[in-house]
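Novice: Going by my numbering, the first residue of the sequence shown is number 6, and it counts up by one from there.
For reference, the structure I am asking about is given below.
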Amino acid sequence: QPVIVIAEQLSPATVAALGPGVHVRQVDGTDRPALLEAVSDAAALLVRSATKVDAEVFKAAPKLHVVARAGVGLDNVDVPAATAAGVMVVNAPTSNIRSAAELACALVLAAARKVAAANASLKSGKWERNRFTGMELAGKTVAVIGLGRIGVLVAERLAAFDMTVLAYDPYVPAARAAQLGVQLGDLEEVLAAADVVTVHLPKTPETIGLIGSKMLSVIKPGAIVVNASRGGIVDEHALAEALADGRVAAAGLDVFETEPCTDSPLFGFEQVVVTPHLGASTNEAQEQAGVAVAKSVRLALAGDLVPDAVNVDGGAIHELVRPGLPLTEKLGRLLTALCTAAITRLDVHACGEIIEHDVSVLRLAALKGVLVDQVADPVTYVNAPHLATARGIETRLLTSAENARFRNSIKLEAALDDGSVVSVEGTLTGPQQTMKLIGVDDNALEVVFDDHLLVMRYTDRPGVIGVFGGILGQSGVNIAAMVVGRAEAGGKAVSVLSVDGPVRPELVDALRTAIEAERLVYADLSEG
6 QPVIVIAEQL
16 SPATVAALGP
26 GVHVRQVDGT
36 DRPALLEAVS
46 DAAALLVRSA
56 TKVDAEVFKA
66 APKLHVVARA
76 GVGLDNVDVP
86 AATAAGVMVV
96 NAPTSNIRSA
106 AELACALVLA
116 AARKVAAANA
126 SLKSGKWERN
136 RFTGMELAGK
146 TVAVIGLGRI
156 GVLVAERLAA
166 FDMTVLAYDP
176 YVPAARAAQL
186 GVQLGDLEEV
196 LAAADVVTVH
206 LPKTPETIGL
216 IGSKMLSVIK
226 PGAIVVNASR
236 GGIVDEHALA
246 EALADGRVAA
256 AGLDVFETEP
266 CTDSPLFGFE
276 QVVVTPHLGA
286 STNEAQEQAG
296 VAVAKSVRLA
306 LAGDLVPDAV
316 NVDGGAIHEL
326 VRPGLPLTEK
336 LGRLLTALCT
346 AAITRLDVHA
356 CGEIIEHDVS
366 VLRLAALKGV
376 LVDQVADPVT
386 YVNAPHLATA
396 RGIETRLLTS
406 AENARFRNSI
416 KLEAALDDGS
426 VVSVEGTLTG
436 PQQTMKLIGV
446 DDNALEVVFD
456 DHLLVMRYTD
466 RPGVIGVFGG
476 ILGQSGVNIA
486 AMVVGRAEAG
496 GKAVSVLSVD
506 GPVRPELVDA
516 LRTAIEAERL
526 VYADLSEG
């Protein structure tokens, strides 16, 4: 049974969604030694936001296949380190968007109507109605900074308060904003016009400190600033200064640059409403996040690609595409064996009815096959693109609905750094989906794609087959199947032999010499 480590408190529905056939191990992810010990034999690790998953964790977990973050952000997961280690990273990108949007709106309302300060005053025994006169939202302007999934929900909800909605997001087309009834502008423009500013950006090197002293100096005097996205996007010290000099009238924050945060200059302002990162803290969001990542873990452990994987191309694999994965990997391994120089470009051609479905996963299968016999470390669909890029291999996925010989075929074509080109092509036939090799370079052929193959390129002439057949027979190597492909009599021919077992290097050399082969390669495509 695969071991699944749950490093933080998740909803009971999460464990139920993992299903039978797994061993669930609970650990406190903030206890570093305990975490490293717990993941030593783990296939999957489930976390929320408190557990730091970095290169040290991946080094301690050689069997780890997937890390699942039960939530939206991935600030606590080192995705590049996971990719280098071949570990899939998944999250639940839509699980808490409604909860986060609702909290942002709650902070806007609380700041506008001075709810927190009035609550504290009344509970202390005072009745101060005149002191807590607030601002009505109707007729005012809100600037939504970041028009992603949460930003859109906030824009829709605040528009229902009869607010004019402006937005800053350089990645959103004007047509899309117009559909939402939102007017796009540059950052300074929308800040200067807005009575309320609410931030909904991811935390990246470009967005850290984006709402700092400079932007707060152009903000409309008396505005309200809300940040329920990621701590650090709003510079907390600069915001405190803007509150102190009256440029910003009030603020609402759910996130902070350093968390947990129990001491901040913002806490001294009565007009600031703060919450301890509660955006996803609803029963509904937690259950949705836990169930979503549990389903993703099940897919990952079954060998499927996962739609919510953040470091793997592709997604759900169609049942008609899935049988092509082992074929494509095998083609990649054979291609590598045939290459006499380094690969600079790999083209993956998918032809036939198969392209009616998403075949992007075939590129990953091809890269894995090409690299698995070249790289000492494990190669997976996760780290194969990273490893290819590190080796200077450019990849392309090309598709065509036309296929003259078979219903479907997959062809891998490699351009080498010596200027030559090598290609192999395969297909699946019959009810058993038998793997067949149907092409090598420009030669059409058809042979069952077994684990032990001899591929020979030589000048076509009488007696060659008898020569290599005799040598193999004398050496105790049995030919299971053989096919010859050639463009014309007396030209270059390619023979592919499926043999019953390994062929020794010295025998390969002897065959090459005996038939004066331009190329003769033995490919061991068996597992391990």
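Even glycine gets a Cβ: it sits at the ideal position worked out from N, Cα and C.
Could you check where the beta strand (DSSP E) with Ser500 kicks off and where it finishes?
Specialist: 497-504
Novice: For the candidate residues Val159, Ala111, Val302, whose alpha-carbon lies nearest to that of Leu23?
Specialist: Val302
Novice: Can you look up Val384 in the DSSP assignment and give me helix, strand or coil?
Specialist: coil
Novice: According to DSSP, is Asn96 helix, strand or coil?
Specialist: Reduced to three states, the DSSP call for Asn96 is strand.
Novice: Give me the residue from Lys208, Thr432, Asp447 with the minimum Cα distance to Lys441.
Specialist: Thr432
Novice: Within 8 angstroms: the Cβ of Ser100 and any heavy atom of the ligand HEM?
Specialist: The ligand HEM is absent from the structure shown, which contains no ligand whatsoever.
Novice: Are Leu325 and Glu358 close, meaning C-beta to C-beta below 9 angstroms?
Specialist: yes
Novice: Please check the pair Ala355 and Val364, which I expect to be a contact at CB under 8 angstroms, by giving their CB distance rounded to whole angstroms.
Specialist: Your pair Ala355 and Val364 checks out as a contact, with CB atoms roughly 5 angstroms apart and the cut at 8 angstroms.
Novice: Jot down the residue ranges of each uninterrupted beta strand (DSSP E) in the stretch 113-182, minimum 3 residues, whole runs only, in chain order.
Specialist: Entirely contained in the stretch 113-182, the beta strand (DSSP E) runs reaching 3 residues are, in chain order, 146-150, 169-173.
Novice: Would you mind giving the Cβ-Cβ distance between Leu215 and Ile238, rounded to the nearest angstrom? I have them listed as a contact below 8 angstroms.
Specialist: So it is a contact: roughly 6 angstroms between Cβ atoms.
Novice: Do you know how far the Cα of Thr394 is from the Cα of Ala522?
Specialist: 33 angstroms
Novice: Rounded C-beta distance between Met93 and Val377? I'm assuming under 8 angstroms.
Specialist: Rounded, the Cβ-Cβ distance is 17 angstroms, inconsistent with contact.
Novice: Output the boundary residues of the beta strand (DSSP E) element that contains Gly444.
Specialist: First-last of the beta strand (DSSP E) with Gly444: 439-445.
Novice: State buried or exposed for Arg74, treating a residue as buried only when at least 16 other CB atoms are found within 10 Å of its CB.
Specialist: buried
Novice: What would DSSP say about Ser405, mapped onto helix, strand or coil?
Specialist: Of the three classes helix, strand and coil, the one that applies to Ser405 here is strand, per DSSP.
Novice: Check whether the stretch 251-261 and the stretch 77-95 touch, using three or more Cβ-Cβ pairs below 8 angstroms as the test.
Specialist: no
Novice: On the premise that Asp313 lies in contact with Ala297, defined as a C-beta separation below 8 angstroms, what is that separation, rounded to the nearest angstrom?
Specialist: 7 angstroms
Novice: Hey, how far is the Cα of Glu241 from the Cα of Ile213?
Specialist: 11 angstroms
Novice: Who are the near neighbours of Ala106 in its chain, counting only those whose CB is closer than 6 angstroms to its CB and skipping five residues on each side?
Specialist: Ile155, Leu158, Val159
Novice: Classify His323 as helix, strand or coil using the three-state DSSP reduction.
Specialist: Note: His323 maps to coil in three-state DSSP.
Novice: Locate the alpha helix (DSSP H) running through Gly329, then write down its first and last residues.
Specialist: 329-343
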